[in-house]
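Novice: Let me begin by handing over the structure; questions about it come next.
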Amino acid sequence: MINDRLIDAGDVPLAVRDFGGDQPPLLLLHGAGGNLATMTTLARALRPNHRVITVDLRGHGRSGEGTWTWDSALGDLAAVCVQMEIERPAVVGHSLGGMLAALWGQRHPEAPGVVSLDGNPPPTSVDQLPGLDPAKASAELERLHATFNQIEAQAGRVIEADRLADLVESQQAAARDMGANEKVWIEGFRRNLAHENGETSLRPSAAVTSQLRTLMNELDLGPVYAGTSCPELVVLPTRNLPQQEPFAELYEAHRRFLLEQVRAAGHPRYLQLADASHAMVVEQPAVLAGLITDFLRSA
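Numbering that gives the first Met the number 0 puts the sequence shown at residues 0 to 298.
If you want it as structure tokens, here you go:
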């Protein structure tokens, strides 16, 4: 029986969806700008072998607004475990959620396993773009930074009432283009709509978006991987998203860096998922569920 509830994490309430069952527990974490609904298809694919619990991270979905730090987010997950009476969960996350999974593994050697589904910070320096001419790498990073500035400037914007129907229609089209479950996709979109003082805006807020961007830009996963003793799997993409194509050479170089980084750490298992982009959770949920389940069984 699927059960939705709000739990008290101290400074913020956290929305949780428990997919039920008596199998080993697994926390499933979404990426920045997502929410627990965006993980539904993968959660369903994992459900035969795990008690899957998805969470709206702070500042997302139906969870409360709160200052974002790695410690605060990891504290939220610990609160979920206490209040849901979960002991030693596996932690699986996509994008931002994958970074949290890696940090959880570093701090919880008793964990049965953690899995990062392209949980990697964006490139921020020339040395993270091996094989790319340094001058070109610097110029491309500057161009990418400008693009992220534009995205950040739109965060938390108020949506005019007469535009909402058009936005829903565009989200339906996006789901069809990705081959995603349209109902699940629209639930994810609507779940991030905030209604306050007669206005509707899209979560995360501008403040949370700015905090997340700073945190991810400053995160170095090399020492995290090296300092982890619990079993860890890192799943890397092999191609670009459509919106990454204008920066194709930059992202290709960054994928080389990510592969070098995880190899150099020595500890995690890793694989490059064929025909997968950063949207691998939408593209290949059944394949990922199989990989995750096999990894946790053999860990």
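From the three backbone atoms N, C-alpha and C, an ideal C-beta is built for every residue, glycine too.
Could you check what DSSP says for Glu141 in three-state terms: helix, strand or coil?
Specialist: Taking the sequence shown and counting its residues from 1, one reaches residue 141 at position 142. Note: Glu141 maps to helix in three-state DSSP.
Novice: Could you name the residues of the same chain whose beta carbon sits closer than 6 Å to that of Glu64, not counting the 5 residues immediately before and after it, in chain order?
Specialist: On the sequence shown, position 65 is the one that residue 64 refers to. Around Glu64: Gly58.
Novice: Quick test of your reading: Leu232 and Arg268, contact by CB under 8 Å. State the CB separation rounded to the nearest angstrom.
Specialist: Indexing the sequence shown from 1 puts residue 232 at position 233. Indexing the sequence shown from 1 puts residue 268 at position 269. Going by Cβ atoms, the distance from Leu232 to Arg268 rounds to 5 Å, so yes, they are a contact pair.
Novice: Please give me, in chain order, every unbroken run of the beta strand (DSSP E) with length at least 3 that falls completely inside the region 248-283.
Specialist: 268-271
Novice: Is it the case that the region 257-275 contacts the region 66-76, given that we only count it when at least three CB pairs across the two stretches are under 8 Å?
Specialist: no
Novice: Let me know the secondary structure DSSP gives Glu64 once reduced to three states.
Specialist: Along the sequence shown, one-based indexing puts residue 64 at 65. Coil.
Novice: Can you name, in chain order, every residue of its own chain whose Cβ lies under 8 Å from the Cβ of Ala273, other than the five neighbours on each side?
Specialist: Along the sequence shown, read from residue 1 onward, the residue named residue 273 stands at position 274. Here the set comprises Thr237.
Novice: Quick check on this structure: which residue in Val54, Gly33, Met215, Asp132 has the alpha carbon closest to the alpha carbon of Pro122?
Specialist: As a first step, residue 122 must be located in the sequence shown, where it is residue number 123. Closest option to Pro122, Cα to Cα, is Met215.
Novice: Assuming Ser169 is part of the alpha helix (DSSP H), what are its boundary residues?
Specialist: Numbered from its first residue, the sequence shown carries residue 169 at position 170. First-last of the alpha helix (DSSP H) with Ser169: 163-177.
Novice: DSSP three-state label for Asn2, please.
Specialist: The residue labelled residue 2 in the question sits at position 3 within the sequence shown. Looking at Asn2 - three-state DSSP - the assignment turns out to be strand.
Novice: For Ser94, which option in Arg87, Pro120, Val223, Cys80 has the closest C-alpha, if you only look at C-alpha atoms?
Specialist: The count along the sequence shown starts at 1 and reaches residue 94 at position 95. Checking every option, the nearest Cα to that of Ser94 belongs to Pro120.
Novice: Assign Val223 to one of three DSSP states: helix, strand, or coil.
Specialist: On the sequence shown, residue 223 is found 224 positions in, with the first residue counted as 1. Val223 falls in the helix class under three-state DSSP.
Novice: Tell me the DSSP secondary structure of Ile52 in three-state form.
Specialist: To locate residue 52, count along the sequence shown from 1; it is residue 53. Ile52 falls in the strand class under three-state DSSP.
Novice: State yes or no: is the C-beta of Tyr224 within less than 8 Å of the C-beta of Ala264?
Specialist: Stepping through the sequence shown from its first residue, residue 224 is reached at position 225. Stepping through the sequence shown from its first residue, residue 264 is reached at position 265. Result yes, Cβ atoms of Tyr224 and Ala264 sit closer than 8 Å.
Novice: Between Leu116 and Val234, how many whole angstroms is the CB-CB distance? I'm expecting something under 8 Å.
Specialist: As a first step, residue 116 is located in the sequence shown; it is residue number 117 there, counting from the start. As a first step, residue 234 is located in the sequence shown; it is residue number 235 there, counting from the start. With a Cβ gap of about 5 Å, Leu116 and Val234 count as contacting.
Novice: Tell me where the beta strand (DSSP E) around Val114 begins and ends.
Specialist: Mapped onto the sequence shown, residue 114 falls at position 115. Start and end: 113-116.
Novice: Using a Cβ-Cβ cut-off of 8 Å (strictly less than) and excluding sequence neighbours within five positions of Ala134, which residues of its own chain qualify?
Specialist: What you label residue 134 is simply residue 135 of the sequence shown in a count that begins at 1. Excluding residues within five positions, none has a Cβ falling inside 8 Å.
Novice: Have a look at Gln82, Asp55, Leu163 and flag the residue whose alpha-carbon is nearest the alpha-carbon of Gly92.
Specialist: As a position in the sequence shown, residue 92 is number 93, starting the count at 1. Nearest of Gln82, Asp55, Leu163 to Gly92, Cα basis: Asp55.
Novice: Taking 6 Å as the limit between beta carbons, can you name the residues of its chain near Leu28, skipping five residues before and five after?
Specialist: Counting from one through the sequence shown, the residue named residue 28 turns up at place 29. Once the five neighbours on either side are set aside, the close Cβ partners of Leu28 are Gly92, Gly96, Leu99.
Novice: With respect to the beta strand (DSSP E) encompassing Ala205, which residues constitute its N-terminal and C-terminal limits?
Specialist: Here the question's residue 205 lines up with position 206 in the sequence shown. Run containing Ala205: none in the beta strand (DSSP E); it sits in the alpha helix (DSSP H), 205-217.
Novice: Could you say which of Glu195, Glu198, Ala285, Gln170 lies nearest to Thr39 if we only look at CA atoms?
Specialist: By one-based count along the sequence shown, residue 39 stands at place 40. When each option's Cα is compared against that of Thr39, the closest is Ala285.
Novice: When the Cα atoms are used, what is the spatial distance from Asp7 to Trp69?
Specialist: The residue labelled residue 7 in the question sits at position 8 within the sequence shown. The residue labelled residue 69 in the question sits at position 70 within the sequence shown. If I take the Cα positions, the gap works out to 18 Å.
Novice: From this set, Glu195, Asp165, Arg175, Ser204, which residue's C-alpha is nearest Gly155's C-alpha?
Specialist: Walking along the sequence shown from the start, residue 155 turns up at place 156. Checking every option, the nearest Cα to that of Gly155 belongs to Ser204.
Novice: Spell out the partners DSSP gives His194 in its beta bridges.
Specialist: Here residue 194 is taken as the residue at index 195 of the sequence shown, counted from 1. Its beta-bridge partners are Thr199.
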